[in-house]
Amino acid sequence: MVDLFKEKLSDAEQTVAFGGRLSSACSEATCIYLHGDLGAGKTTLTRGFIQGLGHQGNVKSPTYTLVEPYELADWNVYHFDLYRLGDPEELEFMGIRDYFSDNSHCLVEWPERGEGVLPLADIDLTLRYDGEQRIIALQANTEIGKQVLQKL
10 MVDLFKEKLS DAEQTVAFGG RLSSACSEAT CIYLHGDLGA GKTTLTRGFI QGLGHQGNVK
70 SPTYTLVEPY ELADWNVYHF DLYRLGDPEE LEFMGIRDYF SDNSHCLVEW PERGEGVLPL
130 ADIDLTLRYD GEQRIIALQA NTEIGKQVLQ KL
């Protein structure tokens, strides 16, 4: 089984395409933590993930709402952006545990801001710049995560 996966992405189009590949590899409910500096491509990748599951509309960053839900034919996808989260306890008040279900994929930007409240990620995904390109690295933390990386 694969525990670590790395790839270079030359531009935003490849980042979106990789998000689509990633969503296709997720056959079970999956929790993915997204790491990277501001502007590294976390929301761009999420757009590809959600569109890869059939969403036709806009995919926006939930910077001010904390979570943006997408109800699709086969899955619910929840895109979290915890950058503006003041205290992890705020997640308890919004019913965070209800989002992590058997028919949902959860993608969490800035997960360190929710430490102690969020469940374990199946995959830790990191995007970082390498000149004009990006390097994406995925680390599997669970059997579900290992199965996803194997499919990639």
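In our numbering, the protein residues as written are 10 to 161.
Note that beta-carbon positions come from the ideal geometry of N, C-alpha and C, so glycine has one too.
The model shown is predicted, which means the values in this text are computed figures rather than measured ones.
Between H88 and the set I145, R137, G140, G28, the nearest pair of CA atoms involves G28. In the three-state scheme derived from DSSP, where H, G and I count as helix and E and B as strand, E37 is classed as coil. Annotated three-state conformation of K69 is coil, per DSSP. In the pairwise beta carbon analysis, the region 18-32 is classified as not touching the region 97-113: fewer than three pairs are separated by under 8 Å. In the structure shown, the three-state DSSP call for F14 is strand. Under the criterion of beta carbons closer than 8 Å, N85 and S113 qualify as touching, at roughly 4 Å. Less than 8 Å divides the Cβ of L18 from the Cβ of R143.
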